Amino acid sequence: MNSRGSAGTHVSVAHMGALDLEHHLKTTKHQMGVRGVENSGSLSGYFIQPGSRIQSNVTAGEGTLPFHAVKHHFSYLSMDCTPGLMKQIYSDSEIARKMTCARTKTEAIVIAPHGVEMVMEAMRSISHCGVSTDASNHGSVKMFPLLIQYFDWKSGGLQTKVIDLQSLADETAAMIASYITGILEDKDILQKCVAFSGDNCNTNFGGLRRGDGNVFAYRKCRIKSVKVNFRRLITVYSNTNCNIPI
């Protein structure tokens, strides 16, 4: 007759019965096996049941950490230790124990598309906006963030939002203007653009390139003309009982 021990070992009790078990419990092999079982977690503890509530909570937590890190300009290197620290602090939390959002996974979680989608949804009720861009060096890469600015009283006033970020091969006025026009057309807001702003450099506004060889000149022909009755606007603003945050 065989009996299976707690450490997964088969023990024969055909010779002395219960004494065989007592003898096995005193062996070094059994004691090492017991310690191994106590110190080793079950594989099921490392996996999450698909579609379960805990999976939704862990996914939400892993999406929140990158957002928090980017919002406060934390280094991605800090994410290598953050999940482990949370497991130590919140050891009784199943969500914290199953979160595995270190640096590599954090870099792979992209929240920008959702943010741009929210901006475009808000722009459906906005008639006019301005656009701005400026070159920013990221190592050897020349980055061009594209921002739009518009007034939305439902969101608290003047809004400035990033809608795109690309690297361009050079900083020529024609290429920058083409980039701006292409993105605005893709977002279907080109006809709403009434202003352009940027760094006060020759490429953007002239100087040595006065005339047609700058970004403003390229964009000017595509910017919608808007006529504003400033006297009426000032009168309305002066007589209103509420403050408009600018």
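When we follow this note's numbering, the leftmost residue of the sequence shown carries the number 72, and every step to the right adds one.
All C-beta atoms, glycine included, are put in the ideal place defined by N, C-alpha and C.
Bear in mind that the values here come from a model prediction, so they are computed numbers and not experimental data.
| Asked | Found |
| --- | --- |
| Alpha carbon of A131 to alpha carbon of G201, nearest angstrom | 34 Å |
| Three-pair Cβ contact test at 8 Å for the segment 219–235 versus the segment 156–167 | no |
| Contiguous beta strand (DSSP E) assignments of at least 3 residues, all confined to the segment 168–209 | 200–204 and 207–209 |
| S198 and K263 closer than 8 Å at C-beta | yes |
| Identified DSSP bridge partners for C264 | C200 |
| Sequence-distant residues of its chain with Cβ nearer than 8 Å to G134 (five each side left out) | I180 and I182 |
| Spatially closest choice to I260 from R195, A240 and K176, by CA coordinates | R195 |
| Buried/exposed call for D257, threshold 16 Cβ in 10 Å | exposed |
| Proximal residues to V187 (C-beta, below 7 Å), its chain only, five neighbours per side dropped | I234 |
| Residues near K158 by beta carbon distance below 8 Å, same chain, minus five either side | A167, R168 and M170 |
| Cβ-based burial, A245 [other Cβ within 10 Å; buried from 16] | exposed |
| Test item: CB-CB of S249 and V212 under 8 Å | no |
| Proximity below 8 Å, CB of E178 to CB of Y147 | yes |
| Reference M150, options V190, K97, L136 and H143, closest by Cα | L136 |
| For G122, the three-state DSSP class (helix, strand or coil) | coil |
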